[in-house]
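So the structure is just underneath, and the comments pick up after that.
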Amino acid sequence: MQRTPDNGAALDMAADIVATWPQRRPQAGDPLPEDRSLLGKGGIVIGAYATGKTRLMCAVATEIARTYNTEFLYMPVAKYFNLGKEISQATDVAVKLRDEEHVEIVRNLTRIRRRVITVPLLVWDDQGKEYESGSGWVGAENYRILRERFDRHRPTLITTNVRLPEWSDKYEGSMFSFLHEAFDAAAIGGMDWRRAGR
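Counting from -4, one number per residue, gives the positions in the sequence shown under our numbering.
Structure, rendered in structure tokens:
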């Protein structure tokens, strides 16, 4: 990605995440670093649609995977929350028809949901595009996932068009302060790359 005044801060943050990855996610068996301020800390890129947020965070994840032999998972947030509906539907079919194929579908979908928590690095794409539940469950689940990953020293890379101060209203009352503890953040702007045909 070519550096511009609109994306410089995001590119700097991305480079820092790659360079400091061993402090953010020590390898199994390695001692924890003396300075634990980066332990589990991820990154958030905030910007309008089609400004290169996903491209940048996937590039960061790919570089970390190559440099540090780290596994990562790319997961659109909306897709994660749709998995619950798919699991429920497949379970209904499996129970009613005693269909082994649908039992396997349920197992696979459940495995994917578990991987969101356990994978060493998660690209959590398009935070804010998920459906809103009237019960507040979606907001609470978002917070639970991010909090649990941080507590387990598993950094998350987030793309969003939701400004950070709005997260407490949208998700969880303590979310805004948690974001400052668990993430570096940078804004990205510029042209709509999709309309520009790139």
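Idealized CB from N, CA, C, for every residue including glycine.
Next on the checklist: Quick check on DSSP: helix, strand or coil for M70?
Outcome noted: On the sequence shown, residue 70 is found 75 positions in, with the first residue counted as 1. M70 falls in the strand class under three-state DSSP.
Checklist entry - What residue from L159, E125, D121, L78 has the CA that sits closest to R102's CA? => result Taking the first residue of the sequence shown as position 1, residue 102 is located at position 107. Looking at the Cα atoms, L78 is the closest of the given residues.
Next on the checklist: Within a Cβ cutoff of 8 Å, which residues of the same chain sit near I183, ignoring the five residues on either side of it in sequence?
Outcome noted: Translated into positions along the sequence shown, residue 183 becomes position 188. Once the five neighbours on either side are set aside, the close Cβ partners of I183 are D1, N2, A4, A5, V40, I41, G42, T46, G47, K48, L51.
Checklist entry - In whole angstroms, what separates the C-alpha of E195 from that of T65? => result Residue 195 falls outside the range modelled here, since the chain spans only -4 to 193, and no answer is possible.
Next on the checklist: Please tell me whether V55 and V111 are closer than 8 Å, where the distance is taken between their beta carbons.
Outcome noted: Sequence index remark: in the sequence shown, residue 55 carries index 60 (1-based). Sequence index remark: in the sequence shown, residue 111 carries index 116 (1-based). Not a contact, by the Cβ cut-off of 8 Å.
Checklist entry - With 16 other CB atoms within 10 Å as the buried threshold, where does L195 fall? => result Missing from the structure shown is residue 195; the chain here goes from -4 to 193 and no further.
Item to check | Stretch-stretch touch, CB-based, cutoff 8 Å, three pairs: the region 15 to 33 with the region 129 to 141 | outcome: no
Checklist entry - Cα separation between I59 and E143? => result For the purposes of this step, residue 59 is taken as the residue at position 64 of the sequence shown. For the purposes of this step, residue 143 is taken as the residue at position 148 of the sequence shown. The alpha-carbon atoms of I59 and E143 are separated by roughly 21 Å.
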